[in-house]
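In the working numbering, the protein residues as written are 103 to 414. For glycine and all other residues, C-beta sits at the position ideal for the given N, C-alpha and C. Note that the coordinates shown come from a computational prediction; the quantities given were computed from them, not determined experimentally. First up is the structure itself, then whatever we jot down about it.
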Ligand code: SER
């Protein structure tokens, strides 16, 4: 089968790295990167790139037909902290882009869809440690509400229309190729930038706020494993729990101090503390392990070495 891939939101944190990986794997001419804004030079020069607004159904359909796209990775979204400031814009972007893609799959214009969900689908009433795949979900953020609704729609389109849509509830993702993008877990990206620049970091979450996290390479590995798995093995059509690391600001600061001994951290929690407090501390991902062999590989110490080494 000839595979041709469309990435929507290719300039973002996941898109930048996923595009590079898919171009290597399938050939750069088979991966069409799109975003509402231009990305870095590696993204623009490494293969086809087009400007696309994911909410514009006609333009999206046009690109899909013109490039004979089979697989779509829909990565455009407004993240948790920004979404609290622009609730309606976040809802419109996060939901309409998903409906556009799901409807094109329903009409058989594409074969396979990847759409990211998040730990934000959980809320204050969810069990916070080792959070199960199926549990109470009462998200209290705009972003979380949009992701939970999106999960329900994905499962609905699979059940009613046979759309092959696959999804992961990503934990906080940490990477060095893009700047923090408005997420609550993004302190764990920003801290490395500030550690190298100023030897100090003022954290918007409290010292003991433990959250589920993951280095980007593991997130990309999980995404590719899920998308390559035979359809019969995919038993979850809402979204898979995925666990990697769990740490708090004190622990990540300690790991940085091993490289930068005079690094200091101070705490000044803002509105994002309430968001973090509504999310799990650790995740049970046994379904992802059983169904498509998921295993996290990069530890906090390794991640800190990679982040500081590459940002220098
Ligand atoms: N990392 C995201 C955020 O903090 C959650 O998916 O918004």
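Apply the 10 Å Cβ neighbour rule to residue i and answer buried if 16 or more other Cβ atoms are within range, or exposed otherwise.
i	result
residue 269	buried
residue 415	Limits of the chain in this structure are 103 at one end and 414 at the other, which puts residue 415 out of reach.
residue 281	exposed
residue 249	buried
residue 333	exposed
residue 341	buried
residue 412	exposed
residue 173	buried
residue 126	exposed
For residue i, which residues from the same chain have a beta carbon less than 7 Å from its beta carbon, with the 5 sequence-adjacent residues on both sides left out?
i	result
residue 224	233, 239, 241, 381, 382
residue 403	357
residue 399	320
Compare the beta carbon distance of residue i and residue j with 7 Å and say whether it is the shorter of the two.
i	j	result
residue 309	residue 273	no
residue 387	residue 344	yes
residue 66	residue 185	Lying outside 103 to 414, the shown extent of the chain, residue 66 is not represented and no answer is given.
residue 183	residue 284	yes
residue 111	residue 133	no
residue 339	residue 392	no
residue 199	residue 271	no
residue 277	residue 115	yes
residue 138	residue 171	no
residue 162	residue 202	yes
residue 214	residue 288	no
residue 210	residue 263	no
residue 415	residue 123	The question about residue 415 has no answer, for the chain in this structure spans 103 to 414.
The beta strand (DSSP E) that contains residue i, what's its start and end?
i	result
residue 266	266–268
residue 368	366–369
residue 174	173–176
residue 276	274–276
residue 118	Premise fails: residue 118 lies in the alpha helix (DSSP H), 115–128, not in any beta strand (DSSP E).
For residue i and chain B, any beta-carbon pair shorter than 7 Å?
i	result
residue 151	Among the protein chains of the structure shown there is no chain B, as only one such chain exists.
Over what stretch of residues does the alpha helix (DSSP H) that includes residue i continue unbroken?
i	result
residue 147	143–147
residue 351	351–359
residue 208	189–208
residue 333	Run containing residue 333: none; DSSP gives neither H nor E here.
Contact check, residue i vs residue j under 8 Å by CB: the rounded distance?
i	j	result
residue 348	residue 314	5 Å
residue 145	residue 113	6 Å
residue 165	residue 152	6 Å
Using a Cβ-Cβ cutoff of less than 8 Å, which residues in the same chain neighbour residue i once the five nearest sequence positions on both sides are dropped?
i	result
residue 373	183, 186
residue 406	294, 354, 357, 358, 360, 361
residue 375	306, 307, 308, 311
To which residues of the same chain is residue i closer than 6 Å at the C-beta, ignoring the five residues directly before and after it?
i	result
residue 235	343, 389
residue 175	109, 216
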